[in-house]
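Notes to accompany the following structure.
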Amino acid sequence: MTTIEKTADDAVREGAGDDGTPLLEVRDLHVEFHTRDGVAKAVNGVNYSVRAGETLAVLGESGSGKSVTAQAIMGILDMPPGRIPQGQILFRGEDMLTMSGEERRKIRGRKIAMIFQDALSALNPVLSVGYQLGEMFRVHQGLSKKEAKAKAIELMDRVRIPAARERVSDYPHQFSGGMRQRIMIAMAMALEPDLIIADEPTTALDVTVQAQVMDLLAELQREYHMGLILITHDLGVVADVADKIAVMYAGRIVETAPVHELYKRPAHPYTRGLLDSIPRLDRKGQELYAIKGLPPNLLKIPTGCAFNPRCPKAEDICRRDVPALVPVTEQDGTELPGRGSACHFWKETLHG
Amino acid sequence: MGRYVARRLLQMIPVFIGTTLIIFLMVHVLPGDPIRAMWGDKAADPAQVASLRHEFGLDQPLWKQYIDYMVDLFKGDFGKTFGGRPVSEEMGMAFPVTLRLAAVALTIEIIVGIGLGAWAGLKAGRAVDTGVLIFTLIVISMPVFVLGYLARFIFADELGWLPPNVQDSMDLQQLLLPGFVLAMLSMAYVARLTRTTFAENLRADYMRTALAKGLPRRRIVGVHLLRNSLIPVVTFLGTDVGALVGGAVVTEGIFNVQGVGNLLFKALGQREGSTIVGVVTIFVLVILVINLLVDLLYAVLDPRIRYA
Amino acid sequence: MPDMTKSQSGGTAVDTAADAGPLQAAADAVLAPGDVSQGKPRSLWGDAWYELRHRPLFWVSAVLLVLLLAIAAFPGLFTGANPRDGDLTNHFLTKPELTHFFRADWFGYDGQGRSIYARVIYGTRASIMVGVGVTAVVTLVGGLLGMVAGYFGGWIDSIISRIVDIFFGLPFLLGSMVVLNAFTERKVYVVIAALAFLGWTTIARVMRSSVITAKQADYVTAARALGAGTGRILFRHVLPNALAPTIVVATIALGAYISAEATLSFLGLGLADPTISWGIDISDAKDAIRDNPHVMLFPAGMLSLTVFAFITLGDAVRDALDPKLR
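Residue numbers (our numbering), protein chains in the order written: chain V, 7 to 358; chain Y, 13 to 320; chain D, -16 to 309.
Here you go:
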């Protein structure tokens, strides 16, 4: 997949309809949690969009708001304590946040589906996988129990689970981790949705199985021409399948870029830090780089740039002003399509 | 599964023997002479006492009495009461009454308990939840006889809604009040347990999956949440039979139900060993069998449990 | 490819927070890193105390308990009336004077012309003694047997577990009726012994399973690897970590024992005159209930209040100790 051509016309922050409406567009999304200790600001103005057939990778450590954003899109946030004080989530141009509960329910599973990280806990332990897969057809398409079971077997074949017919009545704990994740994928694919959100789909798996599951996901995505939002903290997974990347930190997107550009030339010190902390064969024997400090406390996010306490390049302005996500350019002013950075010193980071 | 059941049944034998032995010893080692007590304050004829004692086997050494009792038991003979009637006959009349009372209580326990608990669990942390919590605490704090007299006083004596005494145990309406009283304590525990499992499972990952699948709320709660939450409740209902039995003695006394509880209470007053041991033995058997059934049911409800 | 969070944090607190992620509610997961990094480390007991302090029901039960213990210890401080003095001619079934606080006629008089208020006050001691006594014996015996069974396993466990099974097969209330029926003179210690005889299995089971869990923990393996002896492992490492469930069960059971004593006394199988017990008074009142509900109401209310205090305390402690319920 060549990614740069496909994303070439993406602006940093897409408006609807520059050339056809994107499948999903998140605009200035804020999510906060009201807890005993105060208000945790988990998402603070996120913008991103996905088109049909496109893969957006959302990268960040735990607490960066990447999963919360996904849950907000799915409409499965726990509210309360969660709250969405502002923002829009447009699905095919319609704001899902203003829809009725019933309208949203009909989108969930049918139009937008989600794959969760830990399939063992995400699948109901006391219902057979066949029942859980078939449930999609029974609820959304009104199929009978028998028809739904046949469809479930078909789906299991589809995600290449051996002996699907015999195993359809088995329970989740009877499958291996990789097989369980395939069942999760099958469940998400069941109604051939337009968009799939995969929340760390391979994190809980063995390295050898990770690649198989990722390949399967990518293959099915191509086949159905679906949009895919891939949430991960694994830079390796991203490089292979994503078209573009959004890096999140403390509830904001700090950098967006087509995937290979980001690896080549990060425009944000945080992204640089992440890339430098990957062990590399050619640096064997040297000390591994680590970003100093800890992720921010979402109850009191640092003023200015949230990354400033951990940033090697922080200056006064970083402690004072929140940097906006701005388009970045080449040194000569040539546009870099699809690229943006929320750093006061993006020029130095990118070119320095 | 068959082997598991067989092993469990085998394990029951020593438990059964041990339990009946304890009861047997408790009844027979006690100071005082029940035969002599039949005469009350009047002087007893020693010859008559001796012959009665012989008739009931009370002149034998204790171990022999126990073995004789157990041997007879396996032949289905529970011995005779002091009045000369077979204990099995007395129990045969009393047990169905208690069984009906227990059935009424269990039904109330399950419906009201699970209903209240589910309601509170779904609204965890809100006013309903607190209300149910306090209600259950109050119910648990009231010993069954306090609750019994209170209920009788209010619903039968003052309001006259329900009859204060049970004359006919086939009449469901008459069993309603004692059934409710008997059910209250366990009902409170069922409600609390259901509330806890509901609230806990509500946060489970598979609930989020069910939501993400676009299932209607009724299905999410009624299928995904309920199936998982009922597992510990079923287990509790099984272990709770013993408490139900103890409560039955008190409840039957208050509402004049002619069941096993009353039979046992009378036997305790007269120190009539054969009836006491007989009734408790049956109860122990019932409890053991129900515990086994619950364990088996547990495996049906939770596929992760496998017995071998 | 290494786990990103781990490589950054240098692998301490954040790891655990991130690892627990999938099982936690969104809010927890979001809060975890910051919480760990900036809050001071919280221990189980410290956390529990924090939780307890913020529960109104805990304070209600705590205040009630202090009051009840004071009444049980020094009943004379709360009433000047003698609970055994009956005056049939003047006081037969006199109705309560609800404004005569702390006076003999506050709760009225019973069928023998005795001050119900005084009887309620003096009845506290027996209930508390039975409750505390049974709990102490049961915790000691059951706790010890459970600990031994759980820690040593093998044939010791088999034997203890079978004995537990046998006693567990006996219904608690029914069994204690039979046991107490064997005694003609039923003093407080007899009732304590009878209830403890049938009640110790619950604690033994709880203790056994929590010791088994605790002994499999990594820190116990570590302590053993460092050469700690059995006694040290048992009392320094296993016991403190297995104690929480036992404390909770024991506190709640204390309320149940008080309730059981009253029930037995009510049936005429528990405490007997001249011991003053709420159960006996309630039993005496049952024939008068239609016209004089107050004779039953006050001892029954006091009894329920006492059971309520203990059960609510146990409940609050359990909720505080069990992070899953938060």
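Ideal Cβ placement from N, Cα and C applies to all residues, glycine included. These figures come from a predicted structure and were not determined experimentally.
Task: Option nearest Y:Phe226 by Cα separation, candidates V:Gly69, V:Glu108, V:Ile307 and V:Leu241 - done: One-based indexing of the second sequence puts residue 226 of chain Y at position 214. At residue 226 of chain Y the sequence reads Gly, which differs from the Phe that was named. Ranking the options by Cα distance to Y:Gly226, first place goes to V:Glu108.
Task: Given D:Leu76 as reference, the closest of D:Leu50, D:Asp267, D:Lys198 and D:Thr167 once Cα atoms are compared - done: Numbered from 1 along the third sequence, position 93 holds the residue referred to as residue 76 of chain D. That would be D:Asp267, whose Cα lies nearest to the Cα of D:Leu76.
Open item on the list: Against chain Y, with Cβ distances strictly below 7 Å, would D:Leu76 count as a contact?
Closed with: Position 93 of the third sequence, counted from the start, is the residue given in the question as residue 76 of chain D. Judged by the 7 Å Cβ criterion, D:Leu76 is not in contact with chain Y.
TODO: Just grab the DSSP bridge partners of V:Ile95 for me.
DONE: Start at 1 with the first residue of the first sequence, and residue 95 of chain V comes out as number 89. V:Val32.
Open item on the list: Considering Cα atoms alone, identify which of V:Arg166, V:Lys117 and V:Ile159 is closest to V:Val174.
Closed with: As a working mapping, residue 174 of chain V is identified with position 168 in the first sequence. With distances taken between Cα atoms, V:Val174 lies closest to V:Ile159.
Open item on the list: Taking the straight line between their C-alpha atoms, what separation do you get for Y:Arg138 and D:Ala45?
Closed with: Residue 138 of chain Y sits at position 126 when you count from the first residue of the second sequence. Residue 45 of chain D sits at position 62 when you count from the first residue of the third sequence. About 24 Å.
Task: Limits of the alpha helix (DSSP H) - the one that D:Ala100 falls within - done: In the third sequence, the residue the question calls residue 100 of chain D occupies position 117. A small correction: the amino acid at residue 100 of chain D is Tyr; Ala does not occupy that position in the sequence shown. Membership of D:Tyr100 in the alpha helix (DSSP H) is indicated by the continuous run Ile99 to Phe135.
Task: Cβ-based contacts, 8 Å cut-off: residues of the segment 236 to 251 of chain Y near chain V - done: Going along the segment 236 to 251 of chain Y in chain order, one finds His236, Arg239, Asn240 and Ile243 with a Cβ nearer than 8 Å to chain V.
Open item on the list: Below 7 Å on C-beta distance, what does D:Lys269 contact in chain Y?
Closed with: As a working note, residue 269 of chain D is residue 286 in the third sequence. Below the 7 Å Cβ cutoff, chain Y contributes Tyr161 as neighbours of D:Lys269, in chain order.
Task: Contact the segment 292 to 306 of chain Y vs the segment 197 to 212 of chain Y: 3+ CB pairs below 8 Å - done: no
Open item on the list: In the DSSP assignment, the beta strand (DSSP E) including V:Leu45 goes from what residue to what residue?
Closed with: To locate residue 45 of chain V, count along the first sequence from 1; it is residue 39. One point to set straight first is that residue 45 of chain V is Val, not Leu, in the sequence displayed. Start and end: Gly44 to Val56.
Open item on the list: So that I know if they touch, is there some Cβ in chain Y lying closer than 7 Å to that of D:Phe180?
Closed with: Here residue 180 of chain D is taken as the residue at index 197 of the third sequence, counted from 1. No, D:Phe180 does not count as interfacial toward chain Y.
Task: Min CB distance V:Val145 to chain Y below 7 Å - done: On the first sequence, residue 145 of chain V is found 139 positions in, with the first residue counted as 1. With 7 Å as the cut-off, V:Val145 counts as an interface residue toward chain Y.
Task: Same chain, Cβ closer than 7 Å to V:Pro318, neighbours up to 5 away in sequence not counted - done: In the first sequence, counting from the first residue as 1, residue 318 of chain V sits at position 312. For V:Pro318, where only same-chain residues beyond five positions count, the Cβ hits under 7 Å are Pro275.
Task: Backbone secondary structure at Y:Val262 - three-state DSSP - done: What you label residue 262 of chain Y is simply residue 250 of the second sequence in a count that begins at 1. Helix at Y:Val262.
TODO: Assign D:Phe155 to one of two classes, buried (16 or more other C-beta atoms within 10 Å of its C-beta) or exposed (fewer than that).
DONE: The residue labelled residue 155 of chain D in the question sits at position 172 within the third sequence. Classification for D:Phe155: buried.
- [ ] Specify the secondary structure class of Y:Asp169 as computed by DSSP and reduced to three states.
- [x] Here the question's residue 169 of chain Y lines up with position 157 in the second sequence. Residue state, collapsed to three classes: helix.
Open item on the list: Distance check for D:Ile143 and Y:Arg65, CA to CA, integer angstroms please.
Closed with: The sequence position of residue 65 of chain Y within the second sequence is 53, counting from 1. The sequence position of residue 143 of chain D within the third sequence is 160, counting from 1. For Y:Arg65 and D:Ile143, the distance between alpha carbons rounds to 37 Å.
Open item on the list: Pull the bridge partners of V:Ile118 from the DSSP assignment, please.
Closed with: Working through the first sequence from its first residue, we reach residue 118 of chain V at position 112. V:Ile118 is bridged to V:Arg114 and V:Leu201.
Open item on the list: Helix, strand or coil, according to DSSP, for V:Met254 in the structure here?
Closed with: Within the first sequence, the letter at position 248 stands for residue 254 of chain V. Note: V:Met254 maps to strand in three-state DSSP.
Task: Option in Y:Leu276, Y:Val296 and Y:Thr148 with minimal Cα separation from Y:Val262 - done: What you label residue 262 of chain Y is simply residue 250 of the second sequence in a count that begins at 1. When each option's Cα is compared against that of Y:Val262, the closest is Y:Leu276.
Task: Y:Met182 classed as buried or exposed, judged by whether at least 16 other C-beta atoms fall within 10 angstroms - done: Start at 1 with the first residue of the second sequence, and residue 182 of chain Y comes out as number 170. By the neighbour-count rule (16 or more Cβ atoms within 10 Å), Y:Met182 is not buried but exposed.
Task: chain Y contact for D:Asn310 (CB, 7 Å cutoff) - done: Residue 310 of chain D lies beyond the range of chain D shown here (-16 to 309); nothing can be said about it.
Task: Euclidean distance between Cα positions of V:Thr277 and D:Gly238 - done: In the first sequence, residue 277 of chain V corresponds to position 271, counting from 1. In the third sequence, residue 238 of chain D corresponds to position 255, counting from 1. Using only the alpha carbons, I get a separation of about 60 Å.
Open item on the list: Pop quiz: Y:Leu184 and Y:Ala168 are said to be a contact at Cβ under 8 Å. What is the actual Cβ separation, rounded to whole angstroms?
Closed with: To locate residue 184 of chain Y, count along the second sequence from 1; it is residue 172. To locate residue 168 of chain Y, count along the second sequence from 1; it is residue 156. Contact flag wrong, Cβ pair sits at about 16 Å.
Open item on the list: Please tell me whether V:Lys47 and V:Leu331 are closer than 7 Å, where the distance is taken between their beta carbons.
Closed with: Mapped onto the first sequence, residue 47 of chain V falls at position 41. Mapped onto the first sequence, residue 331 of chain V falls at position 325. No, these two residues do not count as a Cβ contact at 7 Å.
Open item on the list: For a contact defined as C-beta to C-beta under 7 Å, what are the partners of Y:Gly290 on chain D?
Closed with: Stepping through the second sequence from its first residue, residue 290 of chain Y is reached at position 278. Residues of chain D passing the Cβ test: none, with the nearest at roughly 12 Å.
Task: Start-to-end residues for the beta strand (DSSP E) that takes in V:Arg345 - done: Taking the first sequence and counting its residues from 1, one reaches residue 345 of chain V at position 339. Looking at the DSSP string, the run of the beta strand (DSSP E) that includes V:Arg345 is Glu341 to Ser347.
TODO: For V:Val118, I'd like the list of residues in its chain whose CB is within less than 8 Å of its CB, leaving aside the five on either flank, ordered along the chain.
DONE: The residue labelled residue 118 of chain V in the question sits at position 112 within the first sequence. Correcting the residue type first, residue 118 of chain V is Ile in the shown sequence and not Val. Only Leu30, Ile79, Met80, Phe97, Pro199, Asp200, Leu201, Ile202 and Ile203 meet the Cβ criterion.
Open item on the list: Assuming the contact rule is C-beta atoms closer than 8 Å, D:Ile139 and D:Leu51 should be a hit. Round their C-beta distance to whole Å, please.
Closed with: As a working mapping, residue 139 of chain D is identified with position 156 in the third sequence. As a working mapping, residue 51 of chain D is identified with position 68 in the third sequence. Their Cβ separation, rounded to whole angstroms, is 39 Å, which puts D:Ile139 and D:Leu51 out of contact at 8 Å.
TODO: Quick one: grab the DSSP three-state call for V:Gly233.
DONE: In the first sequence, the residue the question calls residue 233 of chain V occupies position 227. In the structure shown, V:Gly233 sits in a strand (DSSP, three-state: E or B).
TODO: Specify the secondary structure class of V:Asp16 as computed by DSSP and reduced to three states.
DONE: Residue 16 of chain V sits at position 10 when you count from the first residue of the first sequence. Caution is warranted here: a pLDDT of 43 is assigned to V:Asp16, below 50, making its placement in the model unreliable, and the coordinate value is therefore given only provisionally. Coil at V:Asp16, not helix or strand.
TODO: Between the Cα of V:Gly93 and those of V:Gly51, V:Ser134, V:Val56 and V:Leu133, spot the shortest distance and give me the residue it belongs to.
DONE: Numbered from 1 along the first sequence, position 87 holds the residue referred to as residue 93 of chain V. When each option's Cα is compared against that of V:Gly93, the closest is V:Gly51.
Task: D:Leu128 at chain Y interface by Cβ criterion, 7 Å - done: Taking the first residue of the third sequence as position 1, residue 128 of chain D is located at position 145. No, its Cβ sits nowhere closer than 7 Å to a Cβ of chain Y.
TODO: Taking 7 Å as the cut-off, decide whether the C-beta atoms of D:Val300 and D:Thr196 are in contact.
DONE: As a first step, residue 300 of chain D must be located in the third sequence, where it is residue number 317. As a first step, residue 196 of chain D must be located in the third sequence, where it is residue number 213. Not in contact: D:Val300 and D:Thr196 (Cβ atoms no closer than 7 Å).
Task: Test: Y:Arg230 CB closer than 7 Å to a CB of chain V - done: Stepping through the second sequence from its first residue, residue 230 of chain Y is reached at position 218. Judged by the 7 Å Cβ criterion, Y:Arg230 is not in contact with chain V.
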